[in-house]
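Protein sequences appear in the order of chains B and U.
If you're matching positions, the first sequence starts at 14 in the working numbering and goes up one per residue.
If you're matching positions, the second sequence starts at 8 in the working numbering and goes up one per residue.
Quick notes on the structure that follows.
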Amino acid sequence: MVKRRYMRIKAVAGLTVLMAVCGVRADAAEPGASAVVIKDATILTVSHGTIARGSILIRDGKISEVGQAVDVPDGALVIDAAARFVMPGIIDPHSHLAQNGGVNEGSLAVTSMTSVEDFIDPTDIDIYRELAGGVTTTATLHGSANPIGGTGAVIKLRWGQDAKGLLFAGARPGLKFALGENPKHKRTQERYPGTRMGVEDVIRQAFTEARIYMQDWDEYNKRVAAGDKTVMPPRRNLTLEPLAQVLRGERLPFVHAYRADEMLMMMRVADEFGFKVNSFEHALEAYKIANELAAHGAVASTFSDWWAYKVEAYDAIPYNAALLTRKGVMVSINSDSAEEARHLNQEAAKCMKYGGLTEEEALRLVTLNPARQLKIDDRVGSIDPGKDADLVIYNHHPLSVYAVPQKVLIDGQVYFDIQKDLVIRKRMAEERKTLEEKDRQTRDKERQPRKPGDRDTVKDKNATEVPPQGKEGE
Amino acid sequence: MADPTRRTYFVHSGMIILIMALTLLAGAKPVYVIRNARVHTLSPAGTLERASVVMEGGKIVGVGSSVRVPPGARIIEGKGLEVYPGMVNAWSNVGLAEIPAVEVTNDAAEQGQYKPQLLAFSAIHPESEHIPVARVNGVTSCLSVPEGGIIAGQSVLLHLDGWTVDEMAVLKSAGMVMNFPSLERPRERYAGAGFGRTSRKTFAEIKRNYENQAKELSEWLEKARHYAKARQAQPATPVDRQLEALVPVAEGKSVVFLTADTARDIRNAVEFGKKEKLRFVIHGGREANQVADVLKKMDVAVILDSIVELPVREDDPYDARFTLPRELASAGVRFALTSPDSSEVRNLPYEAGFAQAYGLSHDQALRAVTLGPAEILGVADRLGSIEVGKSADLVVTDGDLLEIRTQVKNLFISGREVSLETKQTRLYQKYLMRP
Chain B
14 MVKRRYMRIK AVAGLTVLMA VCGVRADAAE PGASAVVIKD ATILTVSHGT
64 IARGSILIRD GKISEVGQAV DVPDGALVID AAARFVMPGI IDPHSHLAQN
114 GGVNEGSLAV TSMTSVEDFI DPTDIDIYRE LAGGVTTTAT LHGSANPIGG
164 TGAVIKLRWG QDAKGLLFAG ARPGLKFALG ENPKHKRTQE RYPGTRMGVE
214 DVIRQAFTEA RIYMQDWDEY NKRVAAGDKT VMPPRRNLTL EPLAQVLRGE
264 RLPFVHAYRA DEMLMMMRVA DEFGFKVNSF EHALEAYKIA NELAAHGAVA
314 STFSDWWAYK VEAYDAIPYN AALLTRKGVM VSINSDSAEE ARHLNQEAAK
364 CMKYGGLTEE EALRLVTLNP ARQLKIDDRV GSIDPGKDAD LVIYNHHPLS
414 VYAVPQKVLI DGQVYFDIQK DLVIRKRMAE ERKTLEEKDR QTRDKERQPR
464 KPGDRDTVKD KNATEVPPQG KEGE
Chain U
8 MADPTRRTYF VHSGMIILIM ALTLLAGAKP VYVIRNARVH TLSPAGTLER
58 ASVVMEGGKI VGVGSSVRVP PGARIIEGKG LEVYPGMVNA WSNVGLAEIP
108 AVEVTNDAAE QGQYKPQLLA FSAIHPESEH IPVARVNGVT SCLSVPEGGI
158 IAGQSVLLHL DGWTVDEMAV LKSAGMVMNF PSLERPRERY AGAGFGRTSR
208 KTFAEIKRNY ENQAKELSEW LEKARHYAKA RQAQPATPVD RQLEALVPVA
258 EGKSVVFLTA DTARDIRNAV EFGKKEKLRF VIHGGREANQ VADVLKKMDV
308 AVILDSIVEL PVREDDPYDA RFTLPRELAS AGVRFALTSP DSSEVRNLPY
358 EAGFAQAYGL SHDQALRAVT LGPAEILGVA DRLGSIEVGK SADLVVTDGD
408 LLEIRTQVKN LFISGREVSL ETKQTRLYQK YLMRP
């Protein structure tokens, strides 16, 4: 009954996996017209209010015009969106999407040498499912098994493209940290740390080493620049490299944390080492330290209403996002799960119910704010000219429980269309039936007692009878 | 001469009388009238505009536009507000588990395979922080179930208010929970996230296991029937508490919940239930749509697990879980929606909201969290709709009960107005005030 929040459930259905993937992929975004017009919709810009009956012109994948009336170029694909709602594509700042077989490298306390980018699985069906839930961009991060995890990846949900094609070009790289119960949890083996004290120690030690490493390289580069031809480069260290990048401000630290005290600890460490915590992930007790978070400038990326599944989640309150917003902290809502990701708009609506955010404030929690958190707000997160045309068209207001995405566009191309999905699923059901029938026939054939002289007994002349197999297979 | 002891006695007795009077006052159920509201009765009367609901003695005593307002009644002005019956969450572990990750706070799962004598009732913690949180969006009753093993024990149907479990219990024993043996490969916790493995059992092993367990279960029922006969014929027959608990189930007198999710598991469970002549309901029902014809024909109701979940098979439609209620409704299968996770019971209206978003009608969606579960749990004479004689479990809102942004204004359980304060509102107020 307890929802398994810390994991992803994956059923592998053998042959059908490939079928599903191929079936949908063949119908993924069609390279459409270079100009697209979405007409007569209620446009929730998220940055500058709502346009009651407006249109959006998209050129070459970018939003070109937004307003009551826009140019309709010859040959443009026109999407009639009367009585529909358009909002920016949802940005999920914390997921484990497209990581089949990855997520945690928990064998060491520090695994900053690992990278999500190395094992992105573009066939993960959850990409399509999230897309159908309006998500267009996600930061797919390592898990929280160790104090310092690996480097994550920001991807767009361009279902049908290969791993490289999913990457959000130019997104600032990140590094995952984790505090509290998860990294100190003794799962399969005893390894340091086992307490919150140890978690701090591991992080502090890693940054101490990284600082020396960074200084060694700075010194080397300085001498090379000065014309010194005899200086030897320091030995490259793949574990310390990403940490040095954090110290230089080139890599964003994403810090999984629940309790207020551990977030304060991390900010102290960051202050001492001269870097900034980009965001606290989940941050369920962030409301207790709004002042400190605002002063540090850390984003709180939280859940709307999860609580009580572990001790460090017992003080979680659904008013977290609203209270933090009111106290000047940048807040985003993250999913951490492929299921939750499919209704982040409705999770945002809960922050209106609990704590009274306005519609625009609520929508920003899953669009503009996560874009700012990931430092990609110049590209995505609102409906403004010049930004990528990542858009969701809903049948109801996206803060309504009844809202269902009808079309999802990324870079101006339709990657999800609810009408097309109906066609695909029908075809897939037929394909499945055909394959199952074929499979059944093969098995029936194998069950037949073979007579000498049957053609396929030639390979095994001694076989006269094959015992029947089990009635049902799995 | 004044006797100081005596005076103290008088003072004490005076205070005791005062306290008793106060207690009586507090315990007495005041009369409430909600007036001029839109009342969604969920009864044949339908939705009533500008109507009133009168509550007295814990019951609904009047519904309609021309009701008698008893003198001294507390009036709640309902203009612009909506009144719904309190929602019934037909599956949860509310009161049995506080923090799932901490084993000592979990009283839902006892050891052993066959535990029909266990009562969830006995382990309910009325002061659980989950209870006030569970009701903030209008859930007023909740089935709380034991788990684990093949016969997990007896569930309890709770009102989400009361000083003790005796006050909370609507049905002390609300049905036996049976995890019907499955032909599916068990999925272990954490499988897929790099912790743990999926079971490597062959299908033949799983099938053998299934057959053994189904046979054992039949034997238990058979033993219970023999036991009942023996006790009747020979009252000196020694008491067997396990069989004693199983007798009403085996005789088809009390309801049993058979948990089954996949089409073939559901089919097997239905076949078993019919063969054993049980009064049963399917719980889980993930693929109930695929056996809807059987369920309809046999008139078997389904308590659905949360539908706000991912499909299980990779080639399932992306909305396979969301569309399940619509498919069951159109096939004429009786069902209830649930939000089973104790910490998420408050999200029950959104289960119905999602079901509506994916094709269920609004009336059917509302029904699936009110009268539907009340009928399936056999308490439709008391819960699930706004009708005279039923328990005064009411939610007053400023809008559509199933919408996320709707706010609950008043909540009544058994005619008592219940506080909407929770651990979470207290923490919110406290930290909102932090300078």
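We put the CB at the ideal spot given by N, CA and C, even for glycine.
Please confirm whether residue i has its beta-carbon closer than 9 Å to some beta-carbon of chain U.
| i | result |
| --- | --- |
| residue 192 (chain B) | no |
| residue 323 (chain B) | yes |
| residue 139 (chain B) | yes |
| residue 412 (chain B) | yes |
| residue 102 (chain B) | no |
| residue 336 (chain B) | yes |
| residue 105 (chain B) | no |
| residue 166 (chain B) | no |
| residue 269 (chain B) | no |
| residue 384 (chain B) | no |
| residue 147 (chain B) | no |
| residue 349 (chain B) | no |
| residue 457 (chain B) | no |
| residue 277 (chain B) | no |
| residue 377 (chain B) | no |
| residue 171 (chain B) | no |
| residue 204 (chain B) | no |
| residue 356 (chain B) | yes |
Could you list which residues in chain U have their beta carbon closer than 7 Å to that of residue i, in chain order?
| i | result |
| --- | --- |
| residue 365 (chain B) | 412 |
| residue 328 (chain B) | 434 |
Closer than 8 Å by beta-carbon distance: list the chain B residues that pair up with residue i, in chain order.
| i | result |
| --- | --- |
| residue 316 (chain U) | 352 |
| residue 137 (chain U) | 321 |
| residue 357 (chain U) | 359, 414 |
So, under 8 Å CB-CB, residue i and residue j are touching, yes? Tell me the CB distance rounded to an integer number of Å.
| i | j | result |
| --- | --- | --- |
| residue 51 (chain B) | residue 406 (chain B) | 7 Å |
| residue 170 (chain B) | residue 149 (chain B) | 6 Å |
| residue 348 (chain B) | residue 252 (chain B) | So it is not a contact: roughly 29 Å between Cβ atoms. |
| residue 57 (chain B) | residue 376 (chain B) | 6 Å |
| residue 296 (chain U) | residue 331 (chain U) | 6 Å |
| residue 146 (chain B) | residue 354 (chain B) | 6 Å |
How would you list, in chain order, the residues of chain U whose beta-carbon sits under 8 Å from the beta-carbon of residue i?
| i | result |
| --- | --- |
| residue 331 (chain B) | 431 |
| residue 142 (chain B) | 317, 318, 325 |
By the criterion of Cβ-Cβ separation under 9 Å, what are the contact partners of residue i in chain B?
| i | result |
| --- | --- |
| residue 363 (chain U) | 414, 415 |
| residue 367 (chain U) | Correct list: empty, because the minimum Cβ distance to chain B is about 11 Å. |
| residue 212 (chain U) | Within 9 Å Cβ-Cβ: nothing; residue 212 (chain U) doesn't reach chain B, min ~11 Å. |
| residue 360 (chain U) | 359, 413, 414, 415 |
Strictly below 9 Å CB to CB, what residues from chain U border residue i?
| i | result |
| --- | --- |
| residue 362 (chain B) | 410, 411, 412 |
List, in chain order, every chain B residue whose beta-carbon is nearer than 7 Å to that of residue i.
| i | result |
| --- | --- |
| residue 439 (chain U) | 336 |
Mind checking if residue i is an interface residue toward chain B, Cβ cutoff 9 Å exclusive?
| i | result |
| --- | --- |
| residue 434 (chain U) | yes |
| residue 278 (chain U) | no |
| residue 140 (chain U) | yes |
| residue 218 (chain U) | no |
| residue 321 (chain U) | yes |
| residue 146 (chain U) | no |
*Decide yes or no for the touch test of the stretch 284-297 of chain U against the stretch 311-321 of chain U: beta carbon pairs closer than 8 Å, at least 3 of them.*
yes
*Closer than 7 Å, Cβ to Cβ, to anything on chain B: give me those residues from the stretch 77-92 of chain U, in chain order.*
none
*According to a CB-to-CB cut-off of less than 8 Å, which residues of the stretch 323-353 of chain U neighbour chain B?*
324, 325, 326, 347, 348, 349, 350, 351, 353
*Decide yes or no for the touch test of the stretch 423-432 of chain B against the stretch 73-86 of chain B: beta carbon pairs closer than 8 Å, at least 3 of them.*
yes
*Contact set between the stretch 106-131 of chain U and chain B, restricted to residues whose Cβ is under 8 Å from the partner*: 106, 107, 108, 109, 115
*Does the pairing of the stretch 89-109 of chain U with the stretch 388-398 of chain U give three or more beta-carbon distances under 8 Å?*
yes
_Any C-beta of chain U within less than 8 Å: which residues of the stretch 426-453 of chain B qualify?_
434, 438, 441, 445
*Of all the residues that make up the stretch 285-315 of chain B, which are near chain U by a beta-carbon distance shorter than 8 Å?*
300, 301, 303, 304
_So if I threshold CB-CB distances at 9 Å, which residues from the stretch 289-317 of chain U count as touching chain B?_
312, 313, 315, 316, 317
_Under 8 Å (Cβ pairs) to chain U, residues found in the stretch 112-131 of chain B_ = 114, 115, 116, 117, 119
*For the stretch 230-238 of chain U against the stretch 252-262 of chain U, are there 3 or more C-beta pairs whose distance is under 8 Å?*
yes
*State whether the stretch 59-69 of chain B contacts the stretch 102-117 of chain B, with contact taken as three or more CB pairs (one from each stretch) at a distance under 8 Å.*
no
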